[in-house]
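Structure first, then comments.
Residue numbers (the numbering used here): 605 to 746.
The structure is reproduced here in structure tokens:
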């Protein structure tokens with residue numbers, strides 16, 4: 605089973621004893637999805653292909669339905685990249701079924717009703733454990 609350091613509001617989370625908190629299973633998977641979507645390509649200098657192009661999408665250059673479609677396709681591409689990374693990782697490390705994505709069930713994109721620069725993504729994936737993991741992510745386009 606693999607693990608990751610728990611991130612809370614952009615920082616590592618530390619427990620009451622001063623130890624860094626780790627995540628595994630479904631929590632790790634949720635964090636992995638959020639990290640890959642919110643990381644721009646090239647931000648990780650050791651893995652320049654890691655991330656998504658969500659930050660490069662510009663609002664106002666096309667209509668809203670086309671923008672929503674572009675967001676959905678970009679998110680799907682990033683998650684498919686995460687699936688490929690998990691397959692490579694599983695060759696050298698044991699992954700728990702709760703943290704392995706089998707397929708993307710749904711990605712729903714909607715424009716925020718309060719701030720038109722914000723888009724809400726509802727992402728649902730099926731794990732190898734046959735559980736549905738979902739999360740809501742809000743992104744801001746420029």
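Glycine is no exception: its CB is placed at the ideal position from the N, C-alpha and C atoms.
Thinking C-alpha only, which one of the options is nearest residue i?
i: residue 613; options: 622, 669, 620 and 642; result: 642
i: residue 705; options: 685, 743, 655 and 619; result: 685
i: residue 735; options: 629, 650 and 611; result: 629
i: residue 656; options: 670, 650 and 676; result: 676
i: residue 720; options: 622, 646, 672 and 611; result: 672
i: residue 717; options: 744, 649 and 694; result: 744
i: residue 732; options: 681, 707, 627 and 622; result: 707
For residue i and residue j, what's the separation of their Cα atoms in angstroms?
i: residue 679; j: residue 659; result: 11 Å
i: residue 661; j: residue 668; result: 12 Å
i: residue 632; j: residue 652; result: 22 Å
i: residue 625; j: residue 607; result: 10 Å
i: residue 755; j: residue 609; result: A query on residue 755 cannot be resolved here, the shown segment of the chain reaching from 605 to 746 and no further.
i: residue 741; j: residue 654; result: 18 Å
i: residue 703; j: residue 635; result: 10 Å
i: residue 723; j: residue 715; result: 4 Å
i: residue 637; j: residue 689; result: 12 Å
i: residue 726; j: residue 681; result: 15 Å
i: residue 758; j: residue 616; result: The question about residue 758 has no answer here: the residues shown for the chain are numbered 605 through 746.
i: residue 687; j: residue 701; result: 13 Å
i: residue 674; j: residue 622; result: 42 Å
i: residue 644; j: residue 730; result: 25 Å
Where DSSP assigns a beta bridge to residue i, which residues make up the other side?
i: residue 723; result: 715 and 743
i: residue 736; result: 730
i: residue 644; result: 656
i: residue 624; result: 618
i: residue 707; result: 730
i: residue 675; result: The partner list for residue 675 (beta bridge, DSSP) is empty, contrary to what the question assumes.
So is residue i buried or exposed if we call it buried at 16+ other beta carbons inside 10 Å?
i: residue 712; result: exposed
i: residue 683; result: buried
Please check the pair residue i and residue j, which I expect to be a contact at CB under 8 Å, by giving their CB distance rounded to whole angstroms.
i: residue 709; j: residue 728; result: 4 Å
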